[in-house]
Amino acid sequence: MDSILPTKTICDFLTPSEIKYLVDLIMSDPCVQEVFAEDTNTHCVSKRYYPNSTNHKIIANYLVDRLESHDIFPSIDSIWILEAFIPFPIHNDVLHVIPDSSQSRYYTLILPIEEVEAKTIICKQTADSEYIDDYMKVGQPIEESQRFTQDFWEKNLSHCPINQRQYVSHEFTFDWALGSLLAFDRRRFHVSSNFLTNGISSKKALVSFTNVCNKNLEKTLTVPNQTP
Ligand SMILES: [Fe+2]
């Protein structure tokens with residue numbers, strides 16, 4: 000298994016006017032996908048607004064240029080505006096198709112496009128399958144001292160089954176802020192805070208799944224030769 004990428008955050012990655020530029024590109028001709036709760040098929044839990052292919056290329060190039068100046072070297076797989084109406088459960092982002100077998104999964108990018116009291120919480124655990132339930136079938140419970148505290152769970156993760164607490168530990172909490180960027184390895188389990196408990200009915204962010212060409216992956220992971 001490749002080395003797990005370090006989680007990164009970049010404050011003020013984009014200015015409000017840059018965000019407006021990118022959001023306007025997407026919303027000028029969006030392809031809208033509604034995601035429904037599996038149990039009802041009628042309750043919309045989130046919407047995704049995808050740019051058309053022309054605007055996808057413009058946005059991807061814009062982001063890649065900016066990311067490379069922060070030592071992140073992605074090929075942009077998909078980009079969309081996420082509008083979430085319920086908090087996502089614990090999952091990772093490995094399942095999305097990689098169109099080119101010469102590439103590997105790389106970072107998930109989350110860039111809030113509004114000021115909202117929400118968090119994305121990153122776990123230390125990683126897996127090559129998406130679902131925490133599958134991970135729990137093969138993984139061992141971790142020691143109490145390494146788990147999320149009961150207090151943290153009740154404040155932030157009350158939408159997640161409590162038995163999951165035995166299997167995950169806290170790596171990082173990203174407080175959503177307009178224009179700040181969160182980048183984490185797509186294999187890392189992560190979860191939304193239960194923003195509904197803050198009286199918030201939805202949240203919006205620009206989201207991207209990225210891959211990396213194998214040669215670029217080597218570039219980002221190879222430790223420079225230290226010998227003089
Ligand atoms: Fe995700």
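Numbering (numbering that gives the first Met the number 0), first residue to last: 0 to 227.
No residue lacks a Cβ here, since even glycine has one placed at the ideal position from N, Cα and C.
Quiz item: Anyone know if the C-beta pair for threonine 164 and asparagine 91 falls short of 8 Å?
Solution: Residue identity check: residue 164 is arginine in the sequence provided, not threonine. Not closer than 8 Å, so no.
Quiz item: Which stretch, first to last residue, makes up the beta strand (DSSP E) that contains histidine 189?
Solution: First-last of the beta strand (DSSP E) with histidine 189: 187-191.
Quiz item: Quick one: what does DSSP say asparagine 197 is sitting in, helix, strand or coil?
Solution: Looking at asparagine 197 - three-state DSSP - the assignment turns out to be helix.
Quiz item: Does any residue of chain B bring its CB to less than 8 Å from the CB of isoleucine 131?
Solution: The displayed structure is made up of one protein chain only, and chain B is not part of it.
Quiz item: What is the residue span of the beta strand (DSSP E) that phenylalanine 84 lies within?
Solution: No beta strand (DSSP E) holds phenylalanine 84; DSSP gives it neither H nor E.
Practice problem: Could you tell me the boundaries of the alpha helix (DSSP H) in which serine 27 lies? | Solution: Here the alpha helix (DSSP H) through serine 27 covers 15-27.
Quiz prompt | Extent of the continuous beta strand (DSSP E) to which tyrosine 106 belongs | solution = Here the beta strand (DSSP E) through tyrosine 106 covers 102-111.
Exercise. Please confirm whether any heavy atom of ligand 1 lies closer than 7 Å to the CB of threonine 14.
Key: Incorrect: threonine 14 has no Cβ contact closer than 7 Å to ligand 1.
Quiz item: According to DSSP, is proline 223 helix, strand or coil?
Solution: Note on proline 223: pLDDT 44, under 50, position unreliable in the model; no value is reported.
Exercise. Provide the residue span of the beta strand (DSSP E) that contains phenylalanine 171, from first to last.
Key: Taken as a continuous stretch (DSSP letters only), the beta strand (DSSP E) holding phenylalanine 171 covers 169-174.
Practice problem: Run the proximity test for aspartate 92: is its beta-carbon closer than 7 Å to any non-hydrogen atom belonging to ligand 1? | Solution: Judged by the Cβ position, aspartate 92 qualifies as a neighbour of ligand 1 at the 7 Å threshold, a heavy atom of the ligand being closer than this.
Practice problem: With DSSP as the reference, label leucine 66 as helix, strand or coil. | Solution: In this structure, DSSP gives leucine 66 a helical state, which the three-state scheme calls helix.
Quiz item: How about leucine 181 and threonine 125: are their beta carbons less than 8 Å apart?
Solution: No, the Cβ-Cβ distance between leucine 181 and threonine 125 is not below 8 Å.
Exercise. Return yes when the Cβ of valine 211 is within less than 8 Å of the Cβ of proline 5, no when it is not.
Key: In this structure, the beta-carbon distance from proline 5 to valine 211 does not fall below 8 Å.
Quiz item: How many Å lie between phenylalanine 151 and aspartate 174 at the Cα?
Solution: Between phenylalanine 151 and aspartate 174, the C-alpha separation is close to 14 Å.
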